[in-house]
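The structure under discussion appears below in the form of structure tokens.
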Amino acid sequence: MAFLKRKVDAEGVEDGTSLRRSNVDIRDSETEHRDLEGWKSFAEDTTLHGARFFFADNFFRRLLWIAAVLGCAIFCNYQVYTFVRHFYERPFNTKITFDRDNDENAFPFPAVTLCNLNALNKRKLIKSLTNVYGQATVDKKLQDMYLIIRRSKAAFTKEFKERNPEFFHRSQTVNETQTNFWIAGDDMEDMLLPTSPEFSSCSINGKQCNAHNFTSSLSPFHGLKCHTFNSAEGGNPLLNTTVAGLPSGLRLRLNIERDEYIPIPWRPSAGILLLIHEQKTFLPVEEFGIVIQPGMSSLCAIKRRKIINLEKPYATNCRKGSLKFDRDFAIIYLTIIKACGCTVIKFQANRPIPICAVNDSILCVFPSYENFGTSSEKSACERKCGEPCEYVEYKTSLSYSGLQRDAFIEQLMFSLNNSEKSVMELEMYKPLLNMTEEQREKFVDENIISLDIYFEDLSVEIVQQKPVFETWALIG
1151 MAFLKRKVDA EGVEDGTSLR RSNVDIRDSE TEHRDLEGWK SFAEDTTLHG
1201 ARFFFADNFF RRLLWIAAVL GCAIFCNYQV YTFVRHFYER PFNTKITFDR
1251 DNDENAFPFP AVTLCNLNAL NKRKLIKSLT NVYGQATVDK KLQDMYLIIR
1301 RSKAAFTKEF KERNPEFFHR SQTVNETQTN FWIAGDDMED MLLPTSPEFS
1351 SCSINGKQCN AHNFTSSLSP FHGLKCHTFN SAEGGNPLLN TTVAGLPSGL
1401 RLRLNIERDE YIPIPWRPSA GILLLIHEQK TFLPVEEFGI VIQPGMSSLC
1451 AIKRRKIINL EKPYATNCRK GSLKFDRDFA IIYLTIIKAC GCTVIKFQAN
1501 RPIPICAVND SILCVFPSYE NFGTSSEKSA CERKCGEPCE YVEYKTSLSY
1551 SGLQRDAFIE QLMFSLNNSE KSVMELEMYK PLLNMTEEQR EKFVDENIIS
1601 LDIYFEDLSV EIVQQKPVFE TWALIG
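Per the working numbering, residue 1151 is the first one in the sequence shown, and the count goes up by one each step.
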């Protein structure tokens, strides 16, 4: 009986354990059912399009909607990835607007730089040499100058160097006024035609100007003597424009003295280089200037344009603050120092580098500048050197007409006969007295330039870079 009792007790334990297991299974099943019902209820109530069909009775309908929603989710994530990647590429658009709300009484007139394409005026060069040497030596010096300008091998013999040591001397100080290019370059007083009560060779806003309104310098790469009007330097005030159009612009009547040109085989041009730029900035006139030819009346209409670039991390990677030199000029300057071992006249380096001699200029500086466009230095600079974040430039458009030769001849003859100027000041025009009418007309065609520079309208074209994606736009 005792054995039977233990057996019954064992069976009771097993039944209890089995019951507990059954209860646990029921509870798990109920939990899973409640979870499934919860997801089903969420899917039916959510605004996510198509989610309520995940638990549809039809299997194919369920499969179709799951595939559709999954595909949309993948596409959405791809779009997010694409936009984020595009954002970090830092794209930008260029916005162009016109500002016409400027104070017309303070609209600045640009700086105007003029350079005669003749680096050495033969008349002035002979005059400077005559003050030091006799006539025979002067003639020989001129022949030697022609040889070195033509890059002749005869200019670099031992005898030539002993005869012309000044051509090979590298100065250790910056004094451009003591160089041949300065002494024998064309002065503004000589380039402006004689003025009379009825005729003005220089006027701005209808008021007369003169050579004192120009500041002079040497172009660094070709040794041209240049003159800048309205540079706001040397005590000259900054001039403004009040009215757009030809009457209020800068009017110049110039003589380039073509007969006094020294022939240069590698630059056989006659006229003036014209560069219109902002004050206190320097651009290579040889690169950015436009040529004005003699024997024509040239009208130069200008428009003011303001450029605003974006800083890093955008591709322009601009630099804040004003830059005195543009990036191309800076790298040309460094390239010449590296290639020639000397610096150009106008811009001395911080470290002690000698000023290039005449032979350096002819044989190294000029060729280095001409070859700069295809150099590796230029390519490297375009990749690494940043533009200024904000600067002003001037768009120009030129138109031409013929000169009234009779009017200029009449004015020149009047000046020769009635001017109070000294004989030395008018010596370049004295040959006109013995010329025929046909020869005088030829003189005007070959030497006289009529140039008018004026604002087309008093507005500023603003070219501004704008980011395509701002951070808030990416988040949105």
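From the three backbone atoms N, C-alpha and C, an ideal C-beta is built for every residue, glycine too.
- Assigned with DSSP and collapsed to three states, R1417 falls in coil, not helix or strand.
- Taking C-beta atoms as the reference points, L1404 and L1460 fail to come closer than 8 Å.
- Two segments are said to touch when three or more pairs of C-beta atoms, one from each, lie closer than 8 Å; by this definition the segment 1578-1596 touches the segment 1439-1459.
- Pairing D1249 with V1610 gives a Cβ-Cβ distance under 8 Å.
- Within the same chain, F1242 come within 6 Å of P1617 by CB-CB distance, once the 5 residues on both sides are set aside.
- Residue environment analysis places L1583 among the exposed positions, since fewer than 16 neighbouring C-beta atoms fall within 10 angstroms of its C-beta.
- With a contact defined as Cβ atoms closer than 8 Å, T1546 and I1426 qualify at about 6 Å.
- Boundaries around R1212 are those of the alpha helix (DSSP H), 1209-1238, since no beta strand (DSSP E) includes it.
- DSSP, read as helix, strand or coil, puts P1397 in helix.
- Burial check for D1510: the Cβ neighbour count within 10 Å reaches 16 or more, so the residue is buried.
- Ranked by Cα distance from T1378, the first of F1310, R1300, F1605, G1439 is G1439.
- Minimum Cα-Cα distance from A1334 among the listed residues A1269, R1313, L1608, R1301 corresponds to A1269.
- Rounded to whole angstroms, R1320 and I1299 show a C-alpha spacing of 17 Å.
- Shown here, V1288 sits in a helix according to DSSP, grouped into three states.
- Straight across, the Cα-Cα distance linking K1580 with L1566 is about 7 Å.
- Taking C-beta atoms as the reference points, I1457 and V1613 count as a pair closer than 8 Å.
- R1454 counts as buried, since no fewer than 16 other beta carbons sit within 10 angstroms of its beta carbon.
- For the pair of segments examined, the segment 1271-1291 was found not to touch the segment 1391-1403: the number of CB pairs separated by less than 8 Å stays below three.
- For R1454, no alpha helix (DSSP H) run applies; the uninterrupted beta strand (DSSP E) run containing it begins and ends at 1446-1458, by DSSP.
- Note on F1209: under 16 other CB atoms within 10 angstroms of its CB, so exposed under the neighbour-count rule.
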